[in-house]
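Notes follow once the structure below has been shown.
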Amino acid sequence: MKVPAACGRICIFATYKGFGRESRIRGQTLTTNLTTIDPPMTELLDSLLRGSAVTARFSRDATLQGMLDFEAALAAAEADAGLIPAAAVAPITAAARASEFDWNALRDDAARAGNLAIPLVKQLTARVKALDADAARFVHWGATSQDAIDTGLILQVRGALDAIGTDLDGLIGQLAAQVRQHRATVMVGRTWLQHALPITFGLKLAGTLDALLRARADLANVREQVLCVQFGGAAGTLASLGAQGAAVSAALARHLCLSEAATPWHGQRDRIVRVGGWAASLTGLLGKFARDTAMLTQTEVGEIAEASGPGRGGSSTMPHKRNPVGCAAMLAAAARTPQLAATLFAAMQQDHERGLGTWHAEWETLPELLMLCGGALATARTLIDDWTVDTARMRANLEITHGLIMAEAVTMALGEAMGRLEAHRRVEACCREAIAQQRHLFDVLCENEEITRVLSADALERLMNPQHYLGAAETFVSRVLALADAAAPTSQPGRKSK
1 MKVPAACGRI CIFATYKGFG RESRIRGQTL TTNLTTIDPP MTELLDSLLR
51 GSAVTARFSR DATLQGMLDF EAALAAAEAD AGLIPAAAVA PITAAARASE
101 FDWNALRDDA ARAGNLAIPL VKQLTARVKA LDADAARFVH WGATSQDAID
151 TGLILQVRGA LDAIGTDLDG LIGQLAAQVR QHRATVMVGR TWLQHALPIT
201 FGLKLAGTLD ALLRARADLA NVREQVLCVQ FGGAAGTLAS LGAQGAAVSA
251 ALARHLCLSE AATPWHGQRD RIVRVGGWAA SLTGLLGKFA RDTAMLTQTE
301 VGEIAEASGP GRGGSSTMPH KRNPVGCAAM LAAAARTPQL AATLFAAMQQ
351 DHERGLGTWH AEWETLPELL MLCGGALATA RTLIDDWTVD TARMRANLEI
401 THGLIMAEAV TMALGEAMGR LEAHRRVEAC CREAIAQQRH LFDVLCENEE
451 ITRVLSADAL ERLMNPQHYL GAAETFVSRV LALADAAAPT SQPGRKSK
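Numbering (the UniProt record's numbering), first residue to last: 1 to 498.
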């Protein structure tokens, strides 16, 4: 079958043949070449799943510019060491502008070369030659493709972590404000999806806040360990630079404002795993927050509602729907990031001084992981900005089990007189009776002579008040808020990046 040139469109409502090359719709035969469609369909979902400043750090131009910044800094470092003429630096730097490169040629040539750096350096050399033929001789002097690709990636990671850190600071500030506002808002605590004991909404949010504070503290360690230059030459010795290899490495790190690794890390990929694992963990924390929030938005619960409005959270067929679309996006990210992180772990098994295939597996994986993390963070900020917290519904839901939620409080008070096990047995019997007769637990307890001999009706009434059985909730909230205050940035974080 002859396949004509691609039209650049995919019709979803089609029966595809030959791996998507031919489809028949309303009697017409349409053809498409899936391998040449640009941009990919994933861009249609960027605003939903990756809609943050992080995505910009991994654009086509940003990817090229990271490697080109390496090449410009390398020239400057080698000129500092006297390895190349100082006059070569300016034309190399001037030519290192990603927007002026032929992307289509780079894409096609990379498929043949095995990586993007090889054709990029060829194009850069040609561009420098047009400016200064002598300077072109010193492009990529003594370096290898992995030096350019890895260092370029680290520069992108630095920008991504900057954006993630800004949104993380902002989210922490938003959550801290919500914790303060709701530190005394009593609600149902749920274990195994069942009513357990009264808690406060402030305490529930404080758990998330505490986890995010740990993630932020860990971010500083991640940056310190990961943001370093990659420069080892062909096999990690920099033999091509003679006695100046170490000096050039140090100068290169200075020019790029990165730290210098003790050794080249072509085959040691723990840095990539470190940043990817951190991002996956943070996304998992946000997924936990989204899961809880989504369940609180259920019609039967109704304690939280995401913002609504034209085109937001609706249904294509049910006009009444108010779907938690923000939670859905965060949960989608949290579902994907563990597998992406697993790919990075699997890719640690590099071959000798440069991996075959395992290194290549990182190229799309780490950016996608960081973009999903950044998108989930930005979505969380939007969600909290616009949500509705129904405190009246929270109070009402405390009573839907007709006092059963306070059974432990009665058991503990009763246990002081008769022991915990005996108290548990008697209160459990009263709970079964209350359920069977569809009565309030307080009424059943007041009719039980074994219990009223120990606890008066007034004492039982006090025990049945959820406000009186919050334990150390306020103490825990205060601890987390103190941690948040101590860790607060000196200036207010910027608005969310989504």
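Note that CB positions come from ideal geometry on N, CA and C, so glycine has one too.
Who are the near neighbours of residue i in its chain, counting only those whose CB is closer than 7 Å to its CB and skipping five residues on each side?
i: L377; result: S52, I164, D167, L168, L171 and L286
i: D108; result: none
i: L369; result: G276, A279, A280, T337, L340 and A341
i: A457; result: C446
i: S316; result: Caution applies to S316, whose pLDDT of 44 falls short of 50 and renders its modelled position unreliable; the value that the coordinates give is listed next. The answer is none, since no qualifying residue turns up.
i: M318; result: With a pLDDT of only 46 at M318, under 50, the local geometry of the prediction cannot be trusted, and the value read off the model is given with reservation. Excluding residues within five positions, none has a Cβ falling inside 7 Å.
i: H468; result: R462
i: A380; result: L171, L286, F289 and M330
i: E408; result: L197
i: H255; result: A73, A76 and A77
Can you tell me the Cα-Cα spacing of residue i and residue j, whole angstroms?
i: L203; j: R183; result: 7 Å
i: L124; j: A95; result: 7 Å
i: V54; j: E303; result: 32 Å
i: T475; j: W363; result: 46 Å
i: L197; j: A487; result: 31 Å
i: I84; j: V139; result: 10 Å
i: D162; j: T401; result: 47 Å
i: G189; j: L398; result: 9 Å
i: V273; j: A333; result: 18 Å
i: A160; j: L372; result: 11 Å
i: A429; j: A328; result: 41 Å
i: D485; j: A220; result: 17 Å
i: T93; j: G114; result: 25 Å
i: A253; j: C228; result: 7 Å
i: R291; j: V444; result: 36 Å
i: C431; j: Q438; result: 10 Å
i: R97; j: A136; result: 15 Å
i: V389; j: F201; result: 10 Å
i: residue 501; j: I384; result: Nothing in the structure corresponds to residue 501, since the chain is present only between 1 and 498.
i: A217; j: G419; result: 45 Å
i: residue 537; j: G207; result: The shown model of the chain, from 1 to 498, leaves out residue 537, and the question about it has no answer.
Let me check understanding here. Comparing Cα to Cα, which of the options lies closest to residue i?
i: V477; options: A90, Q181, A396 and L421; result: Q181
i: S259; options: A79, G357, G245 and Q225; result: Q225
i: A250; options: A62, V427, L74 and W265; result: L74
i: A148; options: Y469, D69, L483 and A280; result: D69
i: C446; options: I154, E416, A473 and G403; result: G403
i: G242; options: H424, M418 and A81; result: A81
i: V179; options: D150, D210 and H195; result: D210
i: R393; options: V454, T297 and M464; result: T297
i: G374; options: R395, M412 and G284; result: G284
i: D270; options: I405, R60 and T343; result: T343
i: I154; options: H266, Q174 and A130; result: H266
i: V427; options: Q437, L441, A436 and L238; result: L441
i: P324; options: D351, M348 and T382; result: T382
i: A110; options: H360, T299, R425 and R432; result: H360
i: K129; options: V89, G152, T151 and R158; result: V89
i: I435; options: L455, E300, I405 and M464; result: I405
i: R158; options: V222, T299, Q194 and V480; result: V222
i: A335; options: H352, R322, L282 and M348; result: L282
What does a CB cutoff of less than 6 Å around residue i pick up in its chain, not counting 5 residues either side in sequence?
i: S240; result: G142 and G233
i: D132; result: P91
i: T144; result: G233 and A234
i: E78; result: I84, W141 and V248
i: A86; result: A79
i: G415; result: A423
i: R24; result: Note that R24 scores a pLDDT of 43, beneath 50, so its modelled location is shaky; the value from the coordinates is reported in the next line. None.
i: V410; result: V427 and L463
By Cβ distance, which residues of its chain are closer than 8 Å to residue i, with the 5 residues on each side in sequence left out?
i: L106; result: L64, L116, P119, L120 and Q123
i: Q156; result: R57, F58, A62, T63, G66 and P367
i: I199; result: V186, M187, V188, G189, L470 and A473
i: W387; result: T293, I304, A305, E306 and A307
i: A459; result: A413
Determine the burial state of residue i: buried for a count of at least 16 other Cβ atoms within 10 Å of its Cβ, exposed for fewer.
i: L421; result: exposed
i: W192; result: exposed
i: C257; result: exposed
i: A103; result: The sequence as given places Trp at residue 103; Ala does not occur at that position. Its Cβ having fewer than 16 others within 10 Å, W103 is exposed.
i: T263; result: exposed
i: Q146; result: buried
i: P489; result: exposed
i: D134; result: exposed
i: R479; result: exposed
i: L356; result: exposed
i: R127; result: buried
Identify every run of the beta strand (DSSP E) within the region 164 to 197, keeping only runs that are complete inside it and at least 3 residues long; order them along the chain. 186 to 191
Just list the beta strand (DSSP E) runs in the region 80 to 115, keeping only unbroken ones of 3 residues or longer that don't cross its boundaries, in chain order. none
Fully enclosed by the region 392 to 446, which alpha helix (DSSP H) runs are 4 residues long or longer? The region 392 to 446 contains these whole alpha helix (DSSP H) runs: 407 to 418, 420 to 437 and 441 to 446.
Every unbroken alpha helix (DSSP H) inside the region 263 to 301 [4 residues or more]: Secondary structure remark: continuous alpha helix (DSSP H) runs of at least 4 residues inside the region 263 to 301, in chain order: 270 to 296.
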